[in-house]
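Trainee: Each residue of the first sequence is one higher than the one before, starting from 384 at the first, in our numbering.
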Amino acid sequence: MPVKLYDTLSRSVKTLTPKSGETLRFYCCGPTVYGPAHIGNFRTFLIQDTLRRVLELDGTAVKHVRNITDLDDKTIRGSEAAGLTLKDFTARWTNKFHEDCKALNMLTPSTEPSAVAHIPEQIALIEKLIEKGHAYAADDGSVYFRVNSFEDYGRLSRLKQRELKTQSENSAGAVNDADEYDRESVSDFALWKSRKPEDGNNAWPSPWGEGRPGWHLECSAMVASAFGGETIDVHGGGIDLCFPHHENEIAQSECAHGHDFCHHWFHSAHLMVEGAKMSKSLGNLYTLDDLRAKGFSPMVVRYTLIAGSYRQQLNFTFDGLHASKSALSRIERFAETLLSKTAESPERFNSTYVGPNAPDDFGRLGKAWDALLNNLNTAACLGAIFGVIGSNPAAALDASGARALLHALGALLYALGLELFTTEAKSADAPAVIMELAQARWDAKQAKDFTRADSIRDDLLAQGWVVNDYKDRFELEQK
RNA sequence: GGCGCGGUCGCCAAGUGGUAAGGCCGAGGACUGCAAAUCCUCUAUCGUCGGUUCGAUUCCGACCCGCGCCUCCA
Numbered sequence: 384m385p386v387k388l389y390d391t392l393s394r395s396v397k398t399l400t401p402k403s404g405e406t407l408r409f410y411c412c413g414p415t416v417y418g419p420a421h422i423g424n425f426r427t428f429l430i431q432d433t434l435r436r437v438l439e440l441d442g443t444a445v446k447h448v449r450n451i452t453d454l455d456d457k458t459i460r461g462s463e464a465a466g467l468t469l470k471d472f473t474a475r476w477t478n479k480f481h482e483d484c485k486a487l488n489m490l491t492p493s494t495e496p497s498a499v500a501h502i503p504e505q506i507a508l509i510e511k512l513i514e515k516g517h518a519y520a521a522d523d524g525s526v527y528f529r530v531n532s533f534e535d536y537g538r539l540s541r542l543k544q545r546e547l548k549t550q551s552e553n554s555a556g557a558v559n560d561a562d563e564y565d566r567e568s569v570s571d572f573a574l575w576k577s578r579k580p581e582d583g584n585n586a587w588p589s590p591w592g593e594g595r596p597g598w599h600l601e602c603s604a605m606v607a608s609a610f611g612g613e614t615i616d617v618h619g620g621g622i623d624l625c626f627p628h629h630e631n632e633i634a635q636s637e638c639a640h641g642h643d644f645c646h647h648w649f650h651s652a653h654l655m656v657e658g659a660k661m662s663k664s665l666g667n668l669y670t671l672d673d674l675r676a677k678g679f680s681p682m683v684v685r686y687t688l689i690a691g692s693y694r695q696q697l698n699f700t701f702d703g704l705h706a707s708k709s710a711l712s713r714i715e716r717f718a719e720t721l722l723s724k725t726a727e728s729p730e731r732f733n734s735t736y737v738g739p740n741a742p743d744d745f746g747r748l749g750k751a752w753d754a755l756l757n758n759l760n761t762a763a764c765l766g767a768i769f770g771v772i773g774s775n776p777a778a779a780l781d782a783s784g785a786r787a788l789l790h791a792l793g794a795l796l797y798a799l800g801l802e803l804f805t806t807e808a809k810s811a812d813a814p815a816v817i818m819e820l821a822q823a824r825w826d827a828k829q830a831k832d833f834t835r836a837d838s839i840r841d842d843l844l845a846q847g848w849v850v851n852d853y854k855d856r857f858e859l860e861q862k
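1. Buried or exposed, going by whether 16 or more other CB atoms sit within 10 Å of the CB of Tyr853?
2. With a 10 Å radius around its C-beta and 16 neighbouring C-beta atoms as the bar for buried, classify Lys515 as buried or exposed.
3. Check for me: the beta strand (DSSP E) holding Arg408 runs from which residue to which?
4. Determine which residues share a DSSP beta bridge with Gln861 and list them.
5. Measure the alpha-carbon distance for Asp855 versus Gly793 and round it to whole angstroms.
6. To the nearest angstrom, how far is the alpha carbon of Pro496 from that of His618?
7. Just the C-alpha distance for Leu654 and Gly666, rounded to the nearest angstrom, thanks.
8. Using C-beta distances below 7 Å, list every residue in its chain close to Asn585, excluding the 5 sequence neighbours before and after it, in chain order.
9. Please state whether DSSP places Ser395 in a helix, a strand or coil.
10. Among Arg716, Ile509, Trp648, Ala521, which residue has its Cα nearest to the Cα of Thr614?
11. Determine the contact status of Ile839 and Ala815, defining contact as a CB-CB distance below 8 Å.
12. Mapping the DSSP letters down to three states, classify Met682 as helix, strand or coil.
13. Are the beta-carbon atoms of Tyr686 and Ala652 separated by less than 8 Å?
14. Suppose contacts are defined by Cβ-Cβ distances below 8 Å. Is Leu399 in contact with Leu388 by that definition?
15. Which residues bound the beta strand (DSSP E) around Arg595?
16. Hey, is the stretch 771-781 in contact with the stretch 693-711, meaning 3+ C-beta pairs nearer than 8 Å?
17. Alpha carbon to alpha carbon, what distance is there between Leu756 and Gly442?
18. Measure from the alpha carbon of Leu799 to the alpha carbon of each residue in Ala782, Ala763, Pro385, Gly537, then state which is nearest.
19. Going along the chain, which unbroken runs of the beta strand (DSSP E) with 3 or more residues stay wholly within the stretch 477-552?
20. With a cut-off of 8 Å on the beta carbons, I'd call His501 and Cys638 a contact; round off their distance for me.
21. Run through DSSP, which three-state label would Ser728 get?
22. Do the stretch 479-490 and the stretch 587-594 make contact, defined as three or more Cβ pairs closer than 8 Å?
23. How about Leu600 and Gln505: are their beta carbons less than 8 Å apart?
24. Can you have a look at Gly871 and say buried or exposed, based on whether 16 or more other CB atoms are within 10 angstroms of its CB?
25. If you count every other CB in all the chains shown that lies within 10 Å of the CB of Glu593, and 16 or more means buried, which is it?
26. Nearest CA to the CA of Ser608: which residue from Asn851, Arg408, Arg835, Tyr797?
27. Looking only at its chain, what residues have a beta carbon closer than 6 Å to the beta carbon of Gly784, apart from the 5 residues adjacent to it on each side?
28. Using only alpha-carbon positions, find the residue among Pro742, Asn631, His650 that is nearest to Asn531.
29. When you compare only the Cα positions, how much space is there between Val582 and Val606?
30. Can you tell me which of the three DSSP states Asp390 falls into?
31. Whole-angstrom Cβ separation of Ile430 and Leu721, contact assumed at under 8 Å?
32. How many Å lie between Ile513 and Leu467 at the Cα?
33. Have a look at Trp598, Val416, Arg435, Phe425 and flag the residue whose alpha-carbon is nearest the alpha-carbon of Pro401.
34. Got a sec, what are the start and stop residues for the alpha helix (DSSP H) Phe769 sits in?
35. Following the continuous alpha helix (DSSP H) through Ser636, name the residue where it begins and the one where it ends.
36. Which residues does DSSP pair with His650 in a beta bridge?
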């Protein structure tokens, strides 16, 4: 069954198939590398990662391109402030991004083009647009896109040109871009920005003088270079990019190449944090490291960020993180139960059952798989998984039945990018001192010295370790 | 003002024209020296008001409330 996905352009759920017949062309607007990415950024990247996983599991080859925005106001400002070259500065944050991606179990894109590395392509694109009458150079050496020259402008975001013009004053009453008076129209946007003092050494030669590309242009150039100028199948990004970024990408690319830019627009909704808009001034802008420091594993974060509908604003809360933690460990226990039927280890679960190989039949987990195919309904997918867990199927299964269910579960977890058996620190990880205390408590308990046993237990708890007793052994768990 | 999203159990959340998945929390039970962990069981008529329909949470209209975007924020 093919994957169905909501498309912003047509405002409908459409079947997703590679128009070329073979590999699906998937482009995503990547991170601006001027600092650590926050969980809002990752929400978008994670759902894109999930789409790719579902497609591949469904048998569709995907060329997944996600760019690195390393050349814009923020990276330049950041590098100047840090006293580093743009290259060193962005390399540092690109590395950090990659580390976080890995921790979140994200697949590496097929390619990750850099904007700085595509300046010649961007200049060539501008020349083409000028040649076709879609762009013009201003007196100061900047080049602008002539929005009036592209009839379809505003189709994606459904903004009429007339409204755009009146929107040179926004709702707050502030006049936008007061200094850019040399544009023909306030709707026109910069393709090339002439060199300014605050750009430091970050200027490149061009037919219009020194300067740097405008932000929107990089994606048009990188899409063209990654996919040979062909129409791409899916373009992903946060909903905020719909206008103006994607609108401008469409304008630049379609005017330059003369054919459709992209078939399917894949936008994900934003994140709220504890009911408020996420922002630096509110201090509620979390990074993966922030959450780790509070004791939440990357897998718990991933679960939280993908458990809700991607088209729905997600209210990110610590309650939600706790809920995810419990839910995830419940799936883990279910897998353990099945593994006890097949006499296999958790390590073996990850190596054998979790992978991009969908079983022919998902069996009783069929509903969960169908949910993913249906517009990435991750919530329904998880709901269906828990429905199966609740029905306690293990009791009635023999080893081969358990194996089949493990295969289905492993495929679903691969699709969701959730890795089990990696989260909690267990006894094996406890420091020797803690282990000794716990052992002393166990001995006291066996000797029925409950006063001493309980006192040691309180002691351990104070140090952040919970003791769980079983029939003939105990386990430690980090609080 | 324009465009868009949403209001479902305490919290999160799926969903359908025929009387509402799931997770968390909570409660009760089993287990336990007591706990913890685990397991079992339990909790809603879907913002308001109209309309269409044999029947609407699901379709239409109005209204109320929350939120996002409107030139460089995923």
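For glycine and all other residues, C-beta sits at the position ideal for the given N, C-alpha and C.
Mentor: Result, derived from the coordinates:
1. exposed
2. exposed
3. 407-411
4. Trp848
5. 31 Å
6. 15 Å
7. 14 Å
8. Excluding positions up to five away in sequence, the list reads Ile459, Leu469, Arg595.
9. strand
10. Trp648
11. It is not a contact, given that the beta carbons lie outside the stated cut-off.
12. helix
13. Between Tyr686 and Ala652, the C-beta spacing is not below 8 Å.
14. Judged by beta-carbon spacing, Leu388 lies within the 8 Å limit of Leu399, meaning their Cβ atoms are closer than that value.
15. 594-596
16. Contact between the stretch 771-781 and the stretch 693-711 is not established, with fewer than three Cβ pairs separated by less than 8 Å.
17. 12 Å
18. Ala763
19. Listed in chain order, the complete beta strand (DSSP E) runs (minimum 3 residues) inside the stretch 477-552 are 518-520, 526-528.
20. Contact flag wrong, Cβ pair sits at about 18 Å.
21. The three-state reading of DSSP puts Ser728 in coil, since its state is none of H, G, I, E or B.
22. no
23. Taking a C-beta distance under 8 Å as the contact criterion, Leu600 and Gln505 qualify as a contact pair.
24. In the structure as shown, the chain starts at 384 and stops at 862, and residue 871 therefore has no counterpart that could be examined.
25. exposed
26. Arg408
27. none
28. Asn631
29. Note on residue identity: the sequence assigns Asp, not Val, to residue 582. Roughly 26 Å separates the two Cα atoms.
30. strand
31. In fact, because the Cβ distance is near 28 Å, the residues do not count as touching under 8 Å.
32. 35 Å
33. Arg435
34. 761-773
35. For Ser636, the enclosing alpha helix (DSSP H) covers residues 630-640.
36. Gly620
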